[in-house]
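Chemist: Start counting the sequence shown at -13; every next residue gets the next number (the working numbering).
Even for Gly, the Cβ is constructed at its ideal location relative to N, Cα and C.
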Amino acid sequence: MTEYVFSGEITQGKGTQPFERTVEANSMKHAKDKLYSTLCSEHSVKRSKITVEEENEA
-13 MTEYVFSGEI TQGKGTQPFE RTVEANSMKH AKDKLYSTLC SEHSVKRSKI TVEEENEA
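1. Between the Cα of K0 and those of K35, E39, E43, spot the shortest distance and give me the residue it belongs to.
2. What is the DSSP secondary structure of S27, reduced to helix, strand or coil?
3. From T2 to E(-11), what distance separates their C-alpha atoms?
4. Quick check on the burial criterion: 16 or more other C-beta atoms within 10 angstroms. Buried or exposed for A17?
5. Alpha carbon to alpha carbon, how far is Y22 from R33?
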């Protein structure tokens, strides 16, 4: 599996919170789906509240 590094912002209430995550997956699409799933459950937000600014293969 390949590691992918994502960074961006999560909008919560009136503010935003930056994030940087490393995800292991077989493809960029699968890694992005895992990222959204994890962040949505941890922060109780919808996918539309997450902005991915950078996507890189580690």
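Modeler: Taking the definition as stated:
1. With distances taken between Cα atoms, K0 lies closest to K35.
2. Helix at S27.
3. 26 Å
4. buried
5. C-alpha of Y22 to C-alpha of R33: approximately 6 Å in a straight line.
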